[in-house]
Structures are given as C-alpha cells and as structure tokens.
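In what follows, a structure is listed as structure tokens, so that the remarks can point back to it.
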Ligand SMILES: [Zn+2]
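Listed below in structure tokens is the structure:
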C-alpha cells in the first residue's frame with residue numbers, strides 16, 4: 354500500500370521472526386498467579402515464579418546447569434534412520450524434523466550429559482520439550498539406551514528427566530517400540546546395581562509415563578507438574594465420571610504412591626546428592642576426587658560438592674528417617690535376594 358506497510362513492516366517481522374520463543378519481551382505473566390515476572394529475575398530464580406512458586410518451563414541447558422555440580426560434558430547420541438515411514442500428515446515429517454532441528458539446534462528431543470552431582474559421577478538424559486513437544490521416537494529411545502550404557506561403563510548413576518507429550522506419532526509403531534527399549538536401559542542399570550532416578554517434569558505423559566518414567570528407583574517430581582498417561586478430559590469422557598481436583602499433578606501422585614517426593618527446583622541438586630550418598634558405592638565419589646576414570650570432570654568441580662557428599666554419607670543414620678518406607682523395604686528385598694544367591 355505504501356512505504357510503511359511494504360517496507361518497514363516486513364523488515365520488522367524479519368527481525369523478530371528468527372528469535373527463540375520465550376524471550377520475546379522483557380516481562381511475562383505467571384500462568385498460575387498472573388503476577389508479572391521480569392525476565393532477568395525469573396532467570397535468576399531458575400524460572401520459578403517469585404510471587405507464588407509456580408515452576409515454569411525451563412530450557413534443557415538451564416536445567417542441566419541447575420542439576421550438575423559445576424559444568425558438564427555433552428555426550429553424542431547415536432544416529433538413527435530419519436523418517437523411516439516416509440510419513441506425511443498436513444506436512445511431511447521430514448520437514449517437521451528439519452524445522453525442529455533449526456529451531457533447537459539439536460539432532461532430536463534428547464540431550465545426554467555427563468558430570469557430577471554431590472561429587473558422584475552421573476549421566477543425565479534430559480528431554481528437550483522445544484523439539485516436537487519432547488516426543489519419543491527412535492532417536493530418543495536410542496539416546497536413553499546409550500545413556501544407560503555409558504552409565505554402566507563409567508559406573509555412574511543415571512537420571513532421566515522427561516518433559517514429553519509421549520510417543521512420536523509420525524514414527525508409528527517404531528515410536529511405540531521405544532517403550533520396551535527404554536525399559537531395557539532401566540534393566541541395564543538394575544543389573545549393574547547402579548541407581549536410576551527419574552525427575553518428572555511438566556508434562557510427563559503418554560508412552561513416556563507408560564515406560565521408563567515410572568520405573569525409577571526413586572521418583573522425584575517438580576511441584577505442580579502434570580504427570581499421567583491420557584489427558585483428564587479423555588478419561589472423564591471414557592469412564593463417564595468426574596475426576597478429583599489436582600488429578601495427575603505431582604502432589605496428587607505423591608499421595609497415591611506413584612511419586613516418592615516433590616522437590617522444588619532449587620533443592621533438586623542437594624536432594625540428588627543426598628540420595629546418591631545413600632545408593633552409590635562410597636568409592637565412587639573418591640574416584641572423582643583422585644581423577645580416576647572421570648578425567649572429563651573439570652577441575653574445581655568436586656571441592657564443595659565432595660564436601661557435601663561426604664557430609665551426606667557420614668550422616669546416613671541421621672537421614673534414614675527421611676527415606677520413604679517403601680524404599681527401605683525394596684532395599685531389604687534386594688539384600689534377601691542377594692543372600693539367596
Ligand atoms: Zn506465580
């Protein structure tokens with residue numbers, strides 16, 4: 354129409370279009386309390402609302418920063434065949450993949466990282482929700498399996514952090530096969546007698562919650578996280594009953610025995626450090642100190658962390674009261690089985 358609409362507007366659009374989704378302005382509204390949140394303060398608070406404590410979504414890299422003691426190394430995930438079914442809905446799956454890769458600069462929806470927590474060697478497999486809703490296809494399944502293999506090799510603990518809508522529809526039956534495959538990963542950890550934790554974040558649903566995500570030695574969930582298989586409305590329409598308030602939230606699942614504890618983001622590292630102190634062989638923390646196998650651990654990583662690990666391990670008696678009863682029961686079961694052998 355004129356110089357303003359033909360030239361200036363497209364130029365502004367092109368400047369705005371390439372940016373990531375979240376920081377499109379300096380303020381955002383808390384979805385829970387409607388309070389205004391300034392981006393810098395929100396970031397300093399690990400994306401937790403500083404008015405009401407609501408846990409907003411967080412980028413996967415920031416999550417890794419929060420979990421690990423001091424830095425981490427990214428591990429390469431094995432390559433898989435892309436778009437095996439040549440699937441097409443409104444758009445070709447190959448194009449969707451291309452877009453997601455460009456947007457996230459990642460090969461798929463899983464990120465593997467290695468580092469220490471409380472001085473103990475840990476592998477983390479975290480989902481990137483920005484990549485096609487964190488959906489689980491062959492690449493994600495392969496990634497989780499790889500994470501478990503590395504954990505066994507390095508005698509490290511494994512923490513999986515799902516943030517996922519479930520299986521990736523575009524891979525059909527292949528995505529469903531990732532459910533038993535990820536259970537194999539869990540089994541590898543069990544056979545090696547290494548701890549396997551799940552940190553359930555918002556959302557954990559579908560085929561992800563129906564496989565590895567509900568098989569942890571310890572289930573920790575973020576406050577308010579939606580965790581379930583099918584959505585609330587779908588269930589209500591199927592069973593023709595109204596579901597209770599708070600159904601499928603982390604807090605509800607603690608009450609009903611599916612989750613061991615709800616832990617705020619700021620306390621997660623300390624909680625994992627404490628649990629690792631209980632469940633990992635004590636020599637594991639020391640091998641980090643002496644450089645041993647874990648030469649990748651950056652210098653200075655273990656000073657404070659080791660101190661806290663040692664404190665935790667020295668004070669086991671004091672903390673035993675904090676362990677849920679079913680966990681101690683599970684441990685004595687294991688001991689009995691070992692004794693039988
Ligand atoms: Zn809030």
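In the working numbering, the protein residues as written are 354 to 694.
Just so it is clear, CB atoms sit at the ideal spot from N, CA and C, and this is done for glycine as well.
Predicted, not measured: the structure shown is a model, and the values here were computed from it.
Three or more C-beta pairs under 8 Å: does that hold for the segment 401-418 against the segment 478-489? yes
Strictly by DSSP, which residues pair up with residue 557? 517 and 580
How far does the alpha helix (DSSP H) with residue 542 in it reach, from first residue to last? 531-544
For ligand 1, is there a heavy atom less than 7 Å away from the beta-carbon of residue 408? no
Can you tell which of 419, 455, 439 and 454 has its C-alpha closest to the C-alpha of residue 466? 419
Is residue 535 closer than 8 Å to residue 573 when the C-beta atoms are compared? no
Can you grab the Cα-Cα spacing for the pair residue 392 / residue 378, in whole Å? 8 Å
Using 10 angstroms around the beta-carbon of residue 551, count the other beta-carbons present and answer buried if the total reaches 16, otherwise exposed. buried
When the Cβ atoms of the segment 505-525 are set against those of the segment 551-560, are three or more pairs found closer than 8 Å? yes
Would you call the segment 489-506 in contact with the segment 421-438, where contact means no fewer than 3 C-beta pairs closer than 8 Å? yes
Starting from residue 574, trace the beta strand (DSSP E) both ways and give me its first and last residue. 571-574
Along the chain, where does the beta strand (DSSP E) containing residue 470 start, and where does it finish? 463-470
With DSSP collapsed to three states, give me the class of residue 389. strand
If you draw a straight line from the alpha carbon of residue 617 to that of residue 395, how long is it in whole angstroms? 15 Å
Cβ of residue 578 within 8 Å of Cβ of residue 555? yes
From the DSSP output, in three-state form, read off residue 672 for me. Caution applies to residue 672, whose pLDDT of 39 falls short of 50 and renders its modelled position unreliable; the model cannot decide the point.
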